[in-house]
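To keep things clear, I will list the structure first and then write my remarks on it.
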């Protein structure tokens, strides 16, 4: 039971010279939706085929809404649902949705993969008239191997992007998230990092162009938007600055062979001493080597990806972290694309099944939080974590991702993602349960664990990762139909530090009426001269 629970939890993590992969899902073909707001619908059907529109009264509406909800907490009747779901197949449909929404007082929220931890891409906490633009049908990936670039639609999953890259080249990769089912749009908008973060940084800093529908319904790219606008969409969080239709990304070189290992160590096998040393060593390792830690119960699993062979990895490990006892038997040599499902699932049986699977059968109730660490923890803290906190009733897991190398070398202001120089590692706290009534212990553990960690993590502000959205950090207050800067600053500085003000000023220029908004969208800050 414990092993199956652990496996299920890890599934949460859970984005000519060219080739194009276009993925289509089996679309629904219901009767035209019944109008819940006749003027909005009447506007939409002039430009968008009725088969792509779903009213709340449509029989297919619950299925379409629920197909990419990853957290069952946000499926309950208590959540405010959209009036309509729009499933565009091209940019003009998105433009029409924005223009119709503005004319008829209906705001737009945007969903790509559905991994928004708080579900704000498809639900509202407060009553509001809104529609969801669900990008599930916009999943084209076009790879230019010679140029080392790709265009990818926001509705594609990371696995689909990785798979298309591999079809074109075995020695190119892209540094985005670990989980193949994460939507490209959300991952890149909030930063995006995975096992290549120490070699190539975050996904957002490898974006070289976008196609975006702004708050006025105009289709823009890098050449037609301001430098601040382009800066903001690459890491400033999804939706605030428009709807990114597609992204042009720079692909990065990887060797034909990479080496992966997963080494579990229990407390009785010295896990505490090894993690205590890991926290200092891992951020200083060569950029080709990433070793993260999954801490669950009285056990730490060291998961590594090395851009090279076992032969060159072994002496490095024996020199830098001999306490782990890594040897040739732990090595799994494979291609980079094979390492993606191996890290995520523990095997590489079928790339198609593992990377292109869009079935969403795993829908736990879940709670997430995050932290950044700049100073090594005292060993006594690790002892408390493993001997007390991770074995309590309702305990979740901790995922520890080391920084250093490329991700830490980029200046804080280069992108909105500010967690750079000096960061030792990021922590993601994850907890889940499978029935609404079973949430008390996991939620209590998450809150208490987060409070316990406060003295040992970043301060002023206590930082968090925007893609690990946490509504407990704060939410926007709306005054005169505009999200206030003061309320946004409470949570915004935790995600973006000093970059938050620049983001808000940019929002004030590109969306001054706050059309694209949710409870943690960037509020507009209007500068008066």
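Residue numbers (our numbering): 2 to 530.
All residues carry an ideal CB built from backbone N, CA and C; glycine is no exception.
| Check | Outcome |
| --- | --- |
| Tell me the rounded alpha-carbon separation between residue 410 and residue 359. | 35 Å |
| If residue 518 and residue 108 are in contact, beta carbons under 8 Å, what's the gap, nearest whole angstrom? | 7 Å |
| With the cut-off set at 8 Å, would you say residue 70 and residue 106 are in Cβ contact? | no |
| Rounded to a whole number of angstroms, what is the C-alpha to C-alpha distance between residue 308 and residue 279? | 19 Å |
| Output yes or no for whether 8 Å exceeds the beta carbon distance between residue 166 and residue 134. | no |
| Taking only the alpha-carbon atoms, compute the straight-line gap between residue 471 and residue 312 and give it to the nearest angstrom. | 42 Å |
| The beta strand (DSSP E) with residue 261 in it runs from where to where? | 259-267 |
| Excluding the 5 residues flanking residue 120 on each side, which residues of the same chain have their C-beta closer than 8 Å to its C-beta? | 70, 72, 74, 75, 80 |
| Within 10 angstroms of the Cβ of residue 209, are there 16 or more other Cβ atoms? Answer buried if so, exposed if not. | exposed |
| Which same chain residues end up closer than 8 Å to residue 527 when comparing Cβ atoms and leaving out the 5 residues on each side of it in sequence? | 509, 513 |
| Looking at the strands, I want to know which residues DSSP matches up with residue 184. | 158 |
| May I have the straight-line CA-CA distance separating residue 136 from residue 414, to the nearest angstrom? | 30 Å |
| Can the beta-carbon of residue 192 be found closer than 8 Å to that of residue 236? | yes |
| Could you check what DSSP says for residue 508 in three-state terms: helix, strand or coil? | helix |
| Would the region 344-356 and the region 150-165 be scored as touching if the rule is three or more Cβ pairs under 8 Å? | yes |
| Around the Cβ of residue 376, are there at least 16 other Cβ atoms within 10 angstroms (buried) or fewer (exposed)? | exposed |
| Are residue 175 and residue 252 close, meaning C-beta to C-beta below 8 Å? | yes |
| What did DSSP end up calling residue 501 once you bin it into helix, strand or coil? | helix |
| With distances taken from CA atoms, which of 290, 287, 181 is nearest residue 338? | 181 |
| Looking only at C-alpha atoms, which of 516, 273, 473 sits nearest to residue 242? | 516 |
| Hey, does residue 348 have any beta-carbon neighbour from chain C nearer than 8 Å? | Considering every chain present, this structure includes no chain C. It has just one protein chain. |
| Among 206, 244, 234, which residue has its Cα nearest to the Cα of residue 216? | 244 |
| Please say whether residue 239 and residue 190 have beta carbons closer to each other than 8 Å? | yes |
| Which ranges would you report for the beta strand (DSSP E) in the region 232-320 if only whole runs of at least 3 residues count? | 244-251, 259-267, 290-297, 300-307 |
| List the whole-angstrom C-beta distance separating residue 369 from residue 469, where the pair is believed to meet the contact cut-off of C-beta under 8 Å. | 5 Å |
| Rank 92, 62, 522, 51 by C-alpha distance to the C-alpha of residue 467 and give the top, closest one. | 522 |
| Confirm, please, whether the CB-CB distance from residue 88 to residue 45 is below 8 Å. | no |
| Hey, how far is the Cα of residue 37 from the Cα of residue 56? | Because residue 37 carries a pLDDT of 42, less than 50, the predicted location of this residue cannot be relied on, and the following value inherits that uncertainty. Rounded to whole angstroms, residue 37 to residue 56 spans 7 Å at the Cα level. |
| Apart from the five residues just before and just after residue 484, which ones in its own chain have a Cβ nearer than 6 Å to its Cβ? | 477, 515, 518, 524 |
| Indicate whether the contact test is met: 3 or more Cβ pairs, each with one atom in the region 438-452 and one in the region 495-510, closer than 8 Å. | no |
| Classify residue 272 as buried or exposed, calling it buried when 16 or more other Cβ atoms lie within 10 Å of its own Cβ. | buried |
| What is the DSSP secondary structure of residue 335, reduced to helix, strand or coil? | strand |
| In the structure shown, what three-state DSSP assignment does residue 564 receive? | Past the boundaries of the shown model lies residue 564; the chain is included only from 2 to 530, so the question cannot be answered. |
| Which residue wins for smallest C-alpha separation from residue 371, given the options 455, 394, 395, 304? | 455 |
| For residue 233, which residues from the same chain have a beta carbon less than 7 Å from its beta carbon, with the 5 sequence-adjacent residues on both sides left out? | 242, 417, 504, 507 |
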